[in-house]
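K.L.:
Residue 30 in numbering that gives the first Met the number 0 sits at position 31 of the sequence shown, with consecutive numbering throughout. Glycine included, each C-beta is placed from N, C-alpha and C at the ideal position. Predicted, not measured: the structure shown is a model, and the values here were computed from it. Quick one: this structure, given as structure tokens, is what I'll be asking you about.
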Amino acid sequence: MLEKLQTGEIDVKKIWFSDEAYFTLDGHLNKQNYRYWGRERLEITVVRSLHPKKFLVWCAISSHGVFGPIFIDGTLSAANYRKFLDEEFIPFLHGHDLVQGHWFMQDGARPHRTADVFEVLNEHFSDRIIGLDYPSHFQGGIEWPPIFTRSEPLRLLPMGLFEEQSVADKSYEPSRTQNCHYNCCRHD
């Protein structure tokens, strides 16, 4: 991928970086969102609820702005991820002329890697997909590494800011936040 960026085959200004994170309302953060690299293995015990109330926050960012955050109660499935892409995200991008010539990046979460999801992405982005397993379903695209050190743009700003607020505010209500995502995107 780095070579394609350096040769100009991919314009970093035309990549939609997407990611999601689960948040619980019991004050504990999702361990899958935090990996620490060190010389020693840390042994830490954290006491938490067995089934805390949780929600998922999905967001996409590019040089054109931010699409999100999108709030989803419960667990993300391939079916509701495909429906969201098909009915909300992709129509929004088409409406703002942000699909043609643009790339879409997603991580290796299992719901992202189904034939149905890849089919929707391929229909709109063709071979301009950066994602784990995508090249094995369709010709082209760029394989995303299964383990990444979490330095993509969404981990650096929007998710981190939201994470701090969500842990402090345990009164999350989906109806309060469900429709804010279209207000956040700007187009230059």
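Could you name the residues that DSSP lists as bridge partners for T23?
P.N.:
Reading the sequence shown from its first residue, position 24 is the one you call residue 23. DSSP, once it has assigned bridges, lists K53 as partnering T23.
K.L.:
Whose CA, out of E122, L1, F91, D25, lies closest to the CA of H63?
P.N.:
In the sequence shown, the residue the question calls residue 63 occupies position 64. Among E122, L1, F91, D25, the Cα nearest to that of H63 is on F91.
K.L.:
Of the choices I60, F66, P110, whose alpha-carbon is the least far from that of F16?
P.N.:
As a position in the sequence shown, residue 16 is number 17, starting the count at 1. When each option's Cα is compared against that of F16, the closest is I60.
K.L.:
By Cβ distance, which residues of its chain are closer than 8 angstroms to L84, with the 5 residues on each side in sequence left out?
P.N.:
Residue numbering aside, residue 84 sits at position 85 when the sequence shown is read from its first letter. V116, V119, L120.
K.L.:
Where does Q105 land, buried or exposed, given buried means 16+ other C-beta within 10 angstroms?
P.N.:
On the sequence shown, residue 105 is found 106 positions in, with the first residue counted as 1. It counts as buried.
K.L.:
From this set, H93, Y21, L131, which residue's C-alpha is nearest P68's C-alpha?
P.N.:
For the purposes of this step, residue 68 is identified with residue 69 of the sequence shown, where counting begins at 1. Measuring from the Cα of P68, the nearest candidate turns out to be Y21.
K.L.:
Residues in its own chain within less than 7 angstroms of T113 by CB, not counting five upstream and five downstream?
P.N.:
As a first step, residue 113 must be located in the sequence shown, where it is residue number 114. Correct list, in chain order: A77.
K.L.:
Report the residue ranges of all beta strand (DSSP E) runs contained in full by the region 69-132; include only those spanning at least 3 residues, in chain order.
P.N.:
List check, beta strand (DSSP E) in window: 102-104.
K.L.:
On the DSSP bridge list, what partners appear for V65?
P.N.:
Numbered from its first residue, the sequence shown carries residue 65 at position 66. I60.
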